[in-house]
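Report on one structure; see the data block that follows.
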Amino acid sequence: DIQMTQSPPSLSASLGDKVTITCQASQNINKYIAWYQQKPGKAPRQLIRYTSTLVSGTPSRFSGSGSGRDYSFSISNVESEDIASYYCLQYDNLPYTFGAGTKLELK
Amino acid sequence: EVQLVESGGGLVQPGSSLKVSCVASGFTFSSYVMHWFRQAPENGIEWLAYINTDSSSTHYAETVKGRFTISRDNAKNTVDMQLSSLRSEDTAMYFCAREALWTPDYWGQGVMVTVSS
């Protein structure tokens, strides 16, 4: 199985900050990584697929990049509605595997 | 509007069985691969199972292989998961999700399964 190492586990940011989350795969995942936002008690919401493609409805302050084993996800100009947990998902191979998540909090 | 609605959760004893279901609407269900995932309380997300459009192919996580069975009914727009030989570590919120462009895009709101004596 492909392991996804996500960091940091938590982030504290002020409104307007830029934050970055990273995921490292245990092997090349050919850019097949997606990023999800999850708020308490809610289902995950897909924000980005195939490393950097924003899905419909995702604000442009979200972005993704990377290749090979190393990927990152950023939020520029953090807004209050962005307070949530974020997860990366590799879908290059079954079993699909997630990072452990990053909890974004307001400073 | 794409909607996925799970049902069938509850409190069950260890060793028992339960079926969770997901009804889809707002898209052509028979054209989409479907998945089940779960999330234990205060924990990360785990992929459980996959079923292709005509049910000819299924895949399972090792943690549930032989105990859980995924199935679908394209006439009823439903995807089910039969959970058997349940253990305390199966306690989680269970989500169904649609796959589009090889990635799970829309998820249901989830259904809670608690395994406890």
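Protein sequences appear in the order of chains A and B.
Everything in the first sequence is counted per the working numbering, starting at 1 for the first residue and increasing by one.
Everything in the second sequence is counted per the working numbering, starting at 108 for the first residue and increasing by one.
Glycine included, C-beta positions come from ideal geometry on N, C-alpha and C.
TODO: Report the option in Glu79/A, Cys23/A, Asn30/A and Ile75/A whose CA atom is closest to the CA atom of Gln3/A.
DONE: Ranking Glu79/A, Cys23/A, Asn30/A and Ile75/A by Cα distance to Gln3/A puts Cys23/A first.
Open item on the list: In this structure, how does DSSP classify Arg202/B when only helix, strand and coil are distinguished?
Closed with: Inspection of the sequence shows that residue 202/B is occupied by Phe rather than by Arg. Looking at Phe202/B - three-state DSSP - the assignment turns out to be strand.
Open item on the list: Just to make sure I have the definition right: I need the residues of chain A whose C-beta is within less than 7 Å of the C-beta of Asp161/B. Which are they?
Closed with: The premise fails here: Asp161/B is roughly 18 Å from chain A at the closest Cβ pair, so nothing lies under 7 Å.
Task: Own chain, CB closer than 6 Å to Tyr71/A, minus 5 neighbours either side, in chain order - done: Scanning its chain for C-beta atoms nearer than 6 Å, with the 5 sequence neighbours on each side dropped, one finds around Tyr71/A the residues Cys23 and Ile33, in chain order.
- [ ] Taking 8 Å as the threshold, find out whether the region 120-128 of chain B comes into contact with the region 187-202 of chain B through three or more Cβ pairs.
- [x] yes
Open item on the list: Is there a Cβ of chain D sitting closer than 8 Å to that of Phe136/B, yes or no?
Closed with: Any reference to chain D falls outside this structure, whose protein chains are A and B.
Task: Residue environment, Ala147/B, which counts as buried when at least 16 other CB atoms sit within 10 Å - done: exposed
Task: Length of the line joining the Cα atoms of Asn30/A and Arg69/A - done: 8 Å
Task: Neighbour list for Ser216/B in chain A, Cβ cutoff strictly below 8 Å - done: Reading the sequence as shown, one finds Gln at residue 216/B and not Ser. What Gln216/B touches in chain A: Lys42 and Ala43.
- [ ] Return the chain-ordered list of same chain residues with a C-beta closer than 6 Å to the C-beta of Asn202/B, the five sequence neighbours on each side being excluded.
- [x] What sits at residue 202/B in the sequence shown is Phe, not Asn. Excluding positions up to five away in sequence, the list reads Phe144, Trp214, Gly215 and Gly217.
Open item on the list: Mapping the DSSP letters down to three states, classify Phe136/B as helix, strand or coil.
Closed with: helix
Open item on the list: Check whether chain A comes within 8 Å of Gly151/B, counting only Cβ atoms and requiring the distance to be less than that.
Closed with: yes
Task: Cross-strand partners of Asp187/B (DSSP beta bridge) - done: Its beta-bridge partners are Ser128/B and Ser178/B.
Open item on the list: If distances are taken between C-alpha atoms only, which option among Gly122/B, Thr198/B, Arg205/B and Asp212/B comes closest to Met219/B?
Closed with: Of the listed residues, the one whose Cα sits closest to Met219/B is Thr198/B.
Task: Closest Cα partner of Ile48/A within the set Thr221/B, Ser224/B and Pro211/B - done: By alpha-carbon distance to Ile48/A, the top candidate from Thr221/B, Ser224/B and Pro211/B is Pro211/B.
TODO: Please determine if the region 116-125 of chain B and the region 77-93 of chain A are in contact, where contact requires at least 3 C-beta pairs separated by less than 8 Å.
DONE: no
Task: As assigned by DSSP and simplified to three states, the class of Val162/B - done: For clarity, residue 162/B is Ser in the given sequence; the question names Val instead. Correct three-state label for Ser162/B: coil.
Task: Run of the beta strand (DSSP E) containing Trp214/B, from where it starts to where it stops - done: Thr210 to Trp214
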